[in-house]
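Following: one structure in structure tokens, then a few remarks.
Here it is, written out as structure tokens:
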């Protein structure tokens, strides 16, 4: 079973609008972390935001916020006031804290296109 | 602060040839990861090092892939012999310590196997 599911292959939004990128996850580990990364066409992975499974409040970082719904096992990324430079691939990822390693498990990604 | 460095950026080889990739993590970062990203997919872990020890190599195809981090700083990933399905971007990432939230990624090495 997939541990991270991103069901939107592509999303389109106009500049200055808000957009939500969906992510659902599957884990039996009570302690885990959820991450969002941006990958522009240059290929480098850029860390955007982190949410811990025990965090009471939704994480926010500037124009990025994470809509964490634990019961639904969803961790959607909300980008407010989209900019042309937000056009990129976005990956949701999870780290299960009770595993031997601390590597990230990534979804397949969502391509975001922002138009003027 | 310098980021994670990787070389080469691009490599084209024929199947059954050998290839090696190099990664220099951010100074002071104890944890180093190698991920494989096949076109259209998210990165998948190949191996994780903590200093010069292997933490997780469960997804490394050990019959053809090997990796080392001898002095606990830079690392080399080798493929010998390469197969067509090894065509991918190989990403190196580092973090300050295990469990530290942020992993910093390098620019990747794009490998094409013909």
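Residue numbers (this note's numbering), protein chains in the order written: chain A, 271 to 386; chain B, 202 to 315. Every residue gets a Cβ at the ideal spot worked out from N, C-alpha and C, and that includes glycine.
Any beta strand (DSSP E) of 3 or more consecutive residues that is wholly inside the region 325-367 of chain A: The beta strand (DSSP E) runs lying completely inside the region 325-367 of chain A and spanning 3 residues or more are 334-339, 344-349 and 358-366, given in chain order.
Same chain, Cβ closer than 7 Å to residue 379 of chain A, five either side skipped, listed in chain order: 276, 359, 360 and 361.
Residue 303 of chain B: contacting residues in chain A (beta-carbon distance under 8 Å): Here the neighbours are 317 and 320.
Presumed contact (8 Å Cβ cut-off) between residue 269 of chain B and residue 276 of chain B, rounded CB distance: 7 Å
Buried versus exposed, by CB contacts within 10 Å (16 or more), residue 327 of chain A: exposed
C-beta neighbour in chain B for residue 329 of chain A, strict 7 Å: Not an interface residue.
Reduced DSSP secondary structure (H/G/I, E/B, other) of residue 257 of chain B: strand
Residues of the region 368-385 of chain A whose Cβ lies closer than 7 Å to any Cβ of chain B, in chain order: 370, 371, 372, 373, 374, 376, 377, 378 and 379
Residue from B/306, B/203, B/217 and B/216 whose Cα sits closest to the Cα of residue 291 of chain B: B/306
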